[in-house]
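Data block below; observations after.
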Amino acid sequence: MSAALKLATHQGDQNAYDHAPYCQGVTNATESCVLRTNATVVFVDVTKNTGKNAHGSTTSAFLDPRIGGRDESVVLSSSKDLSGSVAEGDTMPVLVWRDQITRFTFAGHTHDSDANPHHVVAGDLVEVALCLTAATVFGRPRIRRLLRNRIAINLNRNRIPDWTLLGLVPATAVAALLRASYAAIGFGLAGVAVLVLSAAWPFVPWVATPSAARPYVPGQRAAARKARTQAQAQAKRLP
63 MSAALKLATH QGDQNAYDHA PYCQGVTNAT ESCVLRTNAT VVFVDVTKNT
113 GKNAHGSTTS AFLDPRIGGR DESVVLSSSK DLSGSVAEGD TMPVLVWRDQ
163 ITRFTFAGHT HDSDANPHHV VAGDLVEVAL CLTAATVFGR PRIRRLLRNR
213 IAINLNRNRI PDWTLLGLVP ATAVAALLRA SYAAIGFGLA GVAVLVLSAA
263 WPFVPWVATP SAARPYVPGQ RAAARKARTQ AQAQAKRLP
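Here the sequence shown is numbered in our numbering, starting from 63 and rising by one per residue.
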């Protein structure tokens, strides 16, 4: 739920960024406008990649905007050592919004920084989809185990939360791939609601009441499982 709410906040920031005009003249107030300025390269850092991305190096540069922002690190390349192409004292055109560098131009190419609202929202979309998937895969089976006797009273109707989650999880993933933020938020919150309320679902009267065609005695499956276990244990003791 927190991931979906965070996505909603950051989507609002993205909308504000997309509709913000360019700042006029020299100003340090970048709360409601996007400032076009230059930034000086203060420091260049190159680190060798490790783990599954062990190939190549990551090149980062600390940029100091002349006006409107603060020192900030941006990634120039996540796979190449570009220390020969950039040096301290170089300047780069940048965009600054809310005192953060959102875009920079290096070697003739424009790149979004990690602080760019579009980049932040993309990460949130992935997080929402993964969180709902993990909660469904690990949370729902645990709820079913805790309530298995109650669920067994009316097994078919108690599969409704499972079927609903089975539809919401891929729907959230597709919305994330399509970058449909509000759809992903809706599906994510709906999935969390279904998951949480599924704990109370077996106690809803019409769900807990077995149909006339399929009567069920509470505890029947548990008793049958216990009898089967005892029979197996007794069979093992026989010579």
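Ideal Cβ positions, reconstructed from N, Cα and C, are used throughout, including at glycine.
Beta-carbon proximity check, residue i vs residue j, cutoff 8 Å
i, j, result
"V156", "V106", "no"
"L228", "G253", "no"
"K142", "G118", "yes"
"L257", "A197", "yes"
"T121", "S145", "yes"
"V104", "D133", "yes"
"A65", "G248", "no"
"G151", "T102", "yes"
"I215", "P272", "yes"
Limits of the unbroken beta strand (DSSP E) element including residue i
i, result
"F265", "Unbroken run through F265: none, as it is neither H nor E."
"D174", "171-174"
"F168", "162-168"
"L144", "Segment: none, L144 is in no beta strand (DSSP E) and carries neither H nor E."
"S135", "134-139"
"A246", "Taken as a continuous stretch (DSSP letters only), A246 belongs to no beta strand (DSSP E), being part of the alpha helix (DSSP H) at 243-259."
"S119", "119-127"
"D107", "97-110"
"P155", "153-159"
Proximal residues to residue i (C-beta, below 6 Å), its chain only, five neighbours per side dropped
i, result
"R219", "V269"
"R212", "P264"
"L138", "T121, A123, L144, F168"
"M63", "V254"
"L217", "none"
"A110", "The residue asked about is misnamed: residue 110 is Lys in this sequence, not Ala. Cβ neighbours of K110 beyond the five flanking positions: S119."
Nearest-angstrom beta carbon gap, residue j and residue i [assumed within contact, 8 Å]
i, j, result
"V8", "L125", "What is shown of the chain runs 63 to 301, which leaves residue 8 out entirely."
"L187", "A245", "Not quite, the Cβ-Cβ distance comes to about 10 Å (not below 8 Å), so this is no contact."
"V190", "T234", "6 Å"
"S260", "P232", "The pair is not a contact, with the Cβ atoms about 18 Å apart (cut-off 8 Å)."
"G130", "T89", "7 Å"
"S243", "L67", "12 Å between Cβ atoms; not a contact."
The alpha helix (DSSP H) enclosing residue i, as first and last residue numbers
i, result
"N77", "64-81"
"D224", "222-239"
"D186", "179-196"
"N211", "210-213"
Neighbourhood of residue i by C-beta distance below 8 Å, restricted to the same chain and skipping five residues each side
i, result
"R160", "T92, E93"
"N100", "P127, R128, T153, M154, P155, V156"
"A184", "R241"
Contacts around residue i, its chain only, beta-carbon distance under 7 Å, and the 5 residues preceding and following it disregarded
i, result
"T172", "R165"
"F200", "none"
"R206", "I213"
"A237", "A245, A246, F249"
"Q162", "G131, E134, A177"
"S140", "T120"
**Report entry** Given 8 Å, three or more beta-carbon pairs between the stretch 171-179 and the stretch 71-86
**Finding:** With the cut-off at 8 Å, the stretch 171-179 and the stretch 71-86 touch.
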